[in-house]
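2 protein chains.
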Amino acid sequence: METGRDNAVVQPTFSGFRVTLRDIAKECGVDVATVSRSLSGGYGIRKETRQRVLAVAQRLNYQPNQLARGLATGKSSTLALIISDIRNPFFSELARGAEDAASAAGYDLLLCNSDLDRLKQMRYLRSLLAKRVDGIVMNSVLDLSPGVQDELSHCGVPIVLLSRSREVRGFSTVTADNLRGGFLAGKYLIDLGHQVVAHFTGSRKHGNLADRANGFLKAVNSSEGKPEAIVIRGHHSYEGGCEMMKRLVRNRRNASALFACNDAVALGAIRAAFEAGVRIPQDISVVGFDNVEFGALTRPPLTTIDQPRYGLGQAAVEILLSHIGCEGSWAPEHRMLGVKLVERESCLPLGEVRRGGRQ
Amino acid sequence: METGRDNAVVQPTFSGFRVTLRDIAKECGVDVATVSRSLSGGYGIRKETRQRVLAVAQRLNYQPNQLARGLATGKSSTLALIISDIRNPFFSELARGAEDAASAAGYDLLLCNSDLDRLKQMRYLRSLLAKRVDGIVMNSVLDLSPGVQDELSHCGVPIVLLSRSREVRGFSTVTADNLRGGFLAGKYLIDLGHQVVAHFTGSRKHGNLADRANGFLKAVNSSEGKPEAIVIRGHHSYEGGCEMMKRLVRNRRNASALFACNDAVALGAIRAAFEAGVRIPQDISVVGFDNVEFGALTRPPLTTIDQPRYGLGQAAVEILLSHIGCEGSWAPEHRMLGVKLVERESCLPLGEVRRGGRQ
DNA sequence: CTGAAAGCGCTAACAG
DNA sequence: CTGTTAGCGCTTTCAG
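For the record, the sequence lines run as chains G and A. Oh and the first sequence: position 97 is 78 in this note's numbering, straight run, nothing missing. Oh and the second sequence: position 311 is 292 in this note's numbering, straight run, nothing missing.
Rendered as structure tokens:
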């Protein structure tokens, strides 16, 4: 039927995975070394020889075996990304940025979901190092023991962290300006006239969240009106947001504004508020952090701090690549990307519509 | 300060990456082969010898070099996932399912974003095969030429597809029951009394979307009241949804219901509707497909077809693993996971509140 | 049960 | 410019 023409047109794309340098060498009547040189770079090879080798390689559809190459060179052309959970839209966009950058440079990207669990992280690291990945982008290293941190920073493969962690030396970092983001959020709420503003955040060990909290506190403390800050800790997830809002509603009905440490928490909080009959933004104004795509679609659309998620992943890989060029002796680089407030409809000036409703 | 104790307690976790079998062999006064055997499996080794080797390996904190092992065995203990875009929440959840399953079995997972682009897919495949991945989960293979498809199915590494693609033999597949999902959605809308119902879908080449469309059409065609179906094609994304809704509003104001091929499209459509002053669900009822997490938070909460995204990834990797056990001669396996309707608030019976509003 | 030896496929000196 | 020679670190016959 359609076979004749098809087979004629198609070139044997994946059939050449068993042909080796030796096959080409034999075919060309030269040595494998010559073939190797011709294929990679081609320096110190007569043009004609190289052409001939290339032609044969092409014809045989030669595909180099990366494992062999890797064993010989100690490099694998693969990078790794260890994050807590790819389902978090923050990380999925970051991952895309990282993968695009890696792919553009000829690297593949291993994805690891650690859930911020120390044991999982250790397992992944071990496996990745065993595979001789050329670089690692990871969430944080704070929940590893200091000794392990130290070892990691000396293990020979460049690692860039996605959190500031001033305490840890020896790693490059890429972060959004979380401190400033927290400050912007706090200031915005206070400028709206709010006197009692809550902050939902996560573990103290999470450097980025800590920065946001500090920025936020800086805003309230440096403010004239002596506003009150209530900080509530929980899990930095949608469910955590729900749960913290329940706590807030139960214990501190006087809060009129909320800065959530990320959009997931904000969305969870909004959901719980809705179920508790608390209106957003009439009863409580909320600002999130991340500017996750779906934040624009919630009820109400979420005011939030935008951070360049894709760019973070991209920058992290760029740094990795620059380190990889430096053959084992790179200087840690710290890059901080800007943030900005995105005003939508989840905030209102204090008193504007408040007390217009129930209760 | 805290150094003394710390250093004493911590074991040298990542320091052993340069110790090789030879080192252990030397230390134990045995041959590398003995060490190799002791470490992997340990068959045909005297218990004491093995113990001794293991102890030394432990002490030296030996970490096997996977590249070397891979070169020798032809396996890499890594799998790969080629999807269109990890930022799509459908895929990020699927990826998590796949990664968890892989990780549990001792495999790492390479992430590739193809954007469904033929060239990118080819590049990834080449790279992955060169790295001797042990298995690949991929979106689809339909946009590759038939010859390439054929080659792929014979290339020696198991591949499982995330779309049905009946036309292509030689691959295993894992999908949700898209046909039934489309049918459920269509029937639901028709049972609500809608007479003119639109369907927003994507490329014909996308097997899963085609199945949903077919299921949908089956529902409308098998219905008593002879309802009318309007199918509109565009990109199966949020933006695509916006754009298709604009088209619908411009051209076919009589549609009172919409089945979107996925939640992103549904959400985009809802957004565009909102901006056009079309009320959901009063003017148009909409049902999505996927049951993406944020669908519960939109305005209004989205009625949708739930498909087990995490489970799809998990199942795909399970199949891969089972194939890997079979040493090159596995029978393609096809698994189809169930779907169900999730009723929320984006649909209304025809006429219920309709015509109560503007225009 | 264990050692010796060959080889996986490629790279990288070192000679010619 | 090109061939020779060693490995990279591990697995896997094949002997002993």
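For each residue, glycine too, the CB sits at the ideal point set by N, CA and C.
Counting C-beta atoms within 10 angstroms of its own C-beta, residue 54/G has fewer than 16 neighbours from the protein chains shown and is therefore classed as exposed. Below 8 Å, enough C-beta pairs join the region 209 to 219 of chain G and the region 172 to 182 of chain G to call them touching: three or more.
Rounded to the nearest whole angstrom, the CA to CA distance from residue 46/A to residue 278/G is 48 Å. Within the region 19 to 50 of chain G, 44, 45, 46, 47, 48 and 49 place their CB atoms closer than 7 Å to a CB of chain A, listed in sequence order. Residue pairing of residue 140/A in beta bridges, as defined by DSSP: 117/A.
Residue-level contact by beta carbon holds for residue 113/G and chain A, with a gap shorter than 8 Å. Restricted to the region 179 to 243 of chain A, the beta strand (DSSP E) segments that are unbroken, complete and at least 3 residues in length are 209 to 214 and 238 to 241, listed in chain order.
The region 68 to 83 of chain A makes no contact with the region 19 to 39 of chain A, as fewer than three CB pairs between them are under 8 Å. For residue 316/G, the pairing in a beta bridge is given by DSSP as 155/G.
Relative to the Cα of residue 304/A, the nearest Cα in the group 60/A, 196/A, 50/A and 5/A belongs to 60/A.
Just so you know, the alpha carbons of residue 239/A and residue 103/A end up roughly 36 Å apart. For residue 302/G, the uninterrupted alpha helix (DSSP H) run begins and ends at 290 to 306, by DSSP. Beta-bridge pairing by DSSP links residue 93/A to 63/A.
Contact check for residue 79/G against residue 246/G fails: the beta carbons are separated by 8 Å or more.
Counting every other CB atom within 10 Å of its CB across the protein chains shown gives residue 173/G a total of 16 or more, marking it as buried. The three-state reading of DSSP puts residue -2/A in helix, counting H, G and I together.
Residue pairing by DSSP places residue 269/A opposite 285/A in a beta bridge. Per DSSP, residue 123/A is not a residue of any beta strand (DSSP E), being assigned neither H nor E.
Under DSSP, residue 7/A takes part in no beta bridge, so it has no partner. Restricting attention to 263/A, 112/A, 132/A and 157/A, the CA atom closest to the CA of residue 237/A is found in 263/A.
With a beta-carbon spacing of about 20 Å, residue 91/G and residue 143/A fall beyond the 8 Å limit used to define contacts. In the assembly as shown, residue 105/G is a buried residue. Its beta-carbon has 16 or more other beta-carbons within 10 Å.
Residue-level contact by beta carbon holds for residue 89/A and chain G, with a gap shorter than 8 Å. Counting C-beta atoms within 10 angstroms of its own C-beta, residue 307/G has fewer than 16 neighbours from the protein chains shown and is therefore classed as exposed. Cβ-Cβ distances below 6 Å link residue 34/G to 9, 16 and 19 in the same chain, with the five nearest sequence neighbours on each side left out; the list follows chain order.
Judged by DSSP in its simplified three-state form, residue 246/A adopts helix. Chain A places no beta carbon closer than 8 Å to that of residue 310/G, leaving this residue out of the contacts. If you draw a 10 Å sphere on the C-beta of residue 96/G, you find fewer than 16 other C-beta atoms in it, and that means exposed. Excluding five sequence positions before and after residue 24/G, the CB atoms of its chain that fall closer than 8 Å to its own CB belong to 18, given in chain order. Distance from the Cα of residue 224/A is smallest, within the candidate group 194/A, 1/A and 248/A, for 248/A.
For residue 34/G, the uninterrupted alpha helix (DSSP H) segment begins and ends at 28 to 41.
Residues of the region 284 to 295 of chain G with a Cβ closer than 8 Å to any Cβ of chain A: none. In the structure shown, residue 322/G falls within a strand segment according to DSSP collapsed to helix, strand and coil. Residues of chain G whose Cβ lies closer than 8 Å to the Cβ of residue 70/A are, in chain order, 68, 70 and 73. With contact defined as three or more Cβ pairs closer than 8 Å, the region 146 to 165 of chain A and the region 309 to 325 of chain A are in contact.
Under the 8 Å Cβ criterion, the region 162 to 173 of chain G counts as touching the region 201 to 208 of chain G, having at least three qualifying pairs.
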